[in-house]
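Asker: Here it is, the structure in full.
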Amino acid sequence: MQVSRALFDDVMVPNYAPPAVIPVKGQGSRIWDQEGREYIDFAGGIAVNCLGHCHPAPVRALQEQSEKVWHLANVMTNEPALRLAKKLTDATFAERVYFANSGTEANEAALKLARRWAFNEYGEHKDEIISFERSFHGRTFFAVSVGGQKAYSDGFGPKPGAIRHAVFNDLASLEAVISDKTCAVMMEPLQGEGGIIDADPAFIKGVRELCDKHNALLIFDEVQTGVGRTGHLYAYMDTGVTPDILTSAKALGGGFPIGAMLTTAEIASHLKPGTHGSTYGGNPLACAVAEATFDTVNDDALLAGVRTRSEQFKHGLEAINARYGIFKDIRGKGLLIGAELIDEHAGRAKEILQAALREGLLSLVAGANVVRFTPSLVIPEADIEEGLARFEAAIDSLFGTVAKAG
Ligand SMILES: Cc1ncc(COP(=O)(O)O)c(C=O)c1O
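Just add 865 to wherever you are in the sequence shown, counting from 1, and you've got our numbering.
Put into structure tokens, the structure is as follows:
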């Protein structure tokens, strides 16, 4: 059956608005559409394809596992899930792992666990969850209500209660809402969807201290920052602060759907049999792919390579900006990079993304004013150069005349 973008409007729920092109093949940091046109991928499936497209290690793992066992559900455990959990616990603060299928589900598990832990340890009154304005934690109703962007949670009826929001990077604002009723504070160590905003070192330490003072759990949502994205295996490892619960997804499967919630044995003990679950969570295919992906990323040389590429990427963007002067800030960590538009061009990030696509480059936005880049962690340096040249061509197509006149 021949299909085209036009069919999307006839058969799909219109909650997404994809462009006209349909990619059919990917290799490394390049993809090709139905017409055979090639694109450089600076989007990486929104920080998911950490090893690019069709990397041999996860491909091999998927092929091998596909001939062994696909699915058992959690009535039984399976070898890939156990191996992956062992590797995750060996590499992080965590002692226990719960597998889900996505970031929002990992967060859902984290939030339910925090509530259950507080209920068991302190009683019913300790139920408040605090997160931060502009944070993003996924789209299931609990996670999206905890997220700090009301536009995503309004209009769906009554929201889960006992959720409060403070201002990110403003400790006084957290201090004003946190209390002994707080069961958990959830935060991204570096806000992704909210605009690529890193937590100040003093802020993140202060959040940990306030959580300790009020016996509240600290949950790091590392769905976007985890698995090498910031140049560290997990972003928390570069902060000097250890969370009580950490959620991981996106890059964990390198493109195969999987999520994980990591925590200590003591906290985990509150999710007794029957309290929470998922049919697919810990699926052998997903865990086999994630294991191969995790093994490849959890490597000092690869992580150092992310930090080198980050410098190259940011220097390239700064050089473009020196010529066009359209960004007021180029920021981010590792290969989670944002370029924020000057006020004069506020709201035009999407337009830039569309112009980049016309030049053969996939990029992302983080809100209306920030162009975001989350390429493969092993993107060849030559692809970064060529992608940035295409990005400059896109900028020139939109702002060239103005910049030259100016
Ligand atoms: C920090 C963060 N948490 C949670 C999610 C939700 O993940 P998923 O879309 O896999 O449910 C995202 C997705 O963008 C995210 O960036």
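Just so you know, even glycine gets a beta-carbon here, dropped at the ideal spot from N, CA and C.
Once you ignore the five residues that flank D875 on each side, which residues in its own chain have a CB closer than 8 Å to its CB?
Answerer: Mapped onto the sequence shown, residue 875 falls at position 10. Within the same chain, D875 has no close Cβ partners at all.
Asker: Below 8 Å on the Cβ atoms is my guess for Y1017 versus V1011; work out the distance and round it to an integer in Å.
Answerer: Against the sequence shown, residue 1017 aligns to sequence position 152. Against the sequence shown, residue 1011 aligns to sequence position 146. That belief does not hold up - the Cβ atoms of Y1017 and V1011 are roughly 11 Å apart, past 8 Å.
Asker: Buried or exposed: where does G901 fall if 16 or more other Cβ atoms within 10 Å of its Cβ makes it buried?
Answerer: Your numbering for residue 901 matches position 36 in the sequence shown. Exposed is the call here.
Asker: Would you call F1264 buried or exposed, if buried means 16 or more other Cβ atoms sit within 10 Å of its Cβ?
Answerer: Position 399 of the sequence shown, counting from 1, holds the residue named residue 1264. Under this definition F1264 is a buried residue.
Asker: When burial is assigned at 16 or more other CB atoms within 10 Å of the CB, is N1234 buried or exposed?
Answerer: Taking the sequence shown and counting its residues from 1, one reaches residue 1234 at position 369. The residue is buried, with at least 16 neighbouring Cβ atoms inside 10 Å.
Asker: Going by beta-carbon coordinates alone, are A1254 and V1236 separated by less than 7 Å?
Answerer: Taking the sequence shown and counting its residues from 1, one reaches residue 1254 at position 389. Taking the sequence shown and counting its residues from 1, one reaches residue 1236 at position 371. Cβ distance not < 7 Å, so A1254 and V1236 don't count as in contact.
Asker: Once the 5 residues before and after L1075 are set aside, which same chain residues still bring their CB inside 7 Å of it?
Answerer: As a first step, residue 1075 must be located in the sequence shown, where it is residue number 210. The residues are L1039, E1040 and I1043.
Asker: Determine the DSSP secondary structure at T1047, reduced to helix, strand or coil.
Answerer: Position 182 of the sequence shown holds residue 1047. T1047: strand per DSSP, three-state reduction.
Asker: K952 bridges to which residues according to DSSP?
Answerer: Here residue 952 corresponds to residue number 87 of the sequence shown, with the count starting at 1. BP columns for K952 are empty, so no partner.
Asker: In chain order, what residues of the same chain lie with their CB nearer than 6 Å to the CB of L1036, ignoring the 5 residues before and after it?
Answerer: Taking the sequence shown and counting its residues from 1, one reaches residue 1036 at position 171. For L1036, where only same-chain residues beyond five positions count, the Cβ hits under 6 Å are F1068 and G1071.
Asker: Determine the burial state of A1169: buried for a count of at least 16 other Cβ atoms within 10 Å of its Cβ, exposed for fewer.
Answerer: Against the sequence shown, residue 1169 aligns to sequence position 304. Looking at its Cβ environment, which holds fewer than 16 other Cβ atoms inside 10 Å, A1169 is exposed.
Asker: For L1167, I'd like the list of residues in its chain whose CB is within less than 8 Å of its CB, leaving aside the five on either flank, ordered along the chain.
Answerer: The residue given as residue 1167 occupies position 302 in the sequence shown. Annotation for L1167: G1093, T1161, L1242 and V1243 place their beta carbon closer than 8 Å to its own, counting only its chain and skipping 5 residues before and after.
Asker: Report the three-state DSSP secondary structure of K933 (helix, strand or coil).
Answerer: Position 68 of the sequence shown, counted from the start, is the residue given in the question as residue 933. Reduced to three states, the DSSP call for K933 is coil.
Asker: In the DSSP output, which residue or residues are listed as bridge partners for E903?
Answerer: For the purposes of this step, residue 903 is taken as residue 38 along the sequence shown, with counting starting at 1. DSSP lists W897 as partners of E903.
Asker: Taking C-beta to C-beta, are F997 and A1031 nearer than 7 Å?
Answerer: Counting from one through the sequence shown, the residue named residue 997 turns up at place 132. Counting from one through the sequence shown, the residue named residue 1031 turns up at place 166. Their beta carbons are under 7 Å apart, which means F997 touches A1031 by this criterion.
Asker: Under the three-state reduction of DSSP, which class applies to Q1089: helix, strand or coil?
Answerer: In the sequence shown, counting from the first residue as 1, residue 1089 sits at position 224. It is coil, neither helix nor strand.
Asker: Would you say the beta carbon of A1116 is closer than 6 Å to some non-hydrogen atom of ligand 1?
Answerer: Working through the sequence shown from its first residue, we reach residue 1116 at position 251. A1116: no, Cβ never under 6 Å from ligand 1.
Asker: From the DSSP output, read off the bridge partner residues of H1030.
Answerer: Position 165 of the sequence shown, counted from the first residue, corresponds to residue 1030. Secondary-structure assignment with DSSP links H1030 through a beta bridge to S996.
Asker: Can you list, in chain order, the residues of its chain with a C-beta nearer than 8 Å to that of A922? Leave out the 5 residues immediately preceding and following it.
Answerer: As a first step, residue 922 must be located in the sequence shown, where it is residue number 57. Within the same chain, A922 has close Cβ partners L916, A1157, T1158, D1160 and T1161.
Asker: For S1018, which of helix, strand or coil comes out of DSSP?
Answerer: On the sequence shown, residue 1018 is found 153 positions in, with the first residue counted as 1. Looking at S1018 - three-state DSSP - the assignment turns out to be helix.
Asker: Might you give, ordered along the chain, the residues of its own chain that have their beta carbon closer than 8 Å to the beta carbon of R895, omitting 5 neighbours on each side?
Answerer: Residue 895 sits at position 30 when you count from the first residue of the sequence shown. Same-chain partners within the cutoff: E903, Y904, I905, D906, H918 and D1248.
Asker: Indicate, with yes or no, if ligand 1 has a heavy atom lying under 6 Å from the CB of S1018.
Answerer: Working through the sequence shown from its first residue, we reach residue 1018 at position 153. No, the Cβ of S1018 stays beyond 6 Å of every heavy atom of ligand 1.
Asker: Ends of the beta strand (DSSP E) at T1107?
Answerer: What you label residue 1107 is simply residue 242 of the sequence shown in a count that begins at 1. Where T1107 is concerned, there is no enclosing beta strand (DSSP E), given that its DSSP letter is neither H nor E.
Asker: How many Å lie between A983 and V886 at the Cα?
Answerer: For the purposes of this step, residue 983 is taken as residue 118 along the sequence shown, with counting starting at 1. For the purposes of this step, residue 886 is taken as residue 21 along the sequence shown, with counting starting at 1. Roughly 49 Å separates the two Cα atoms.
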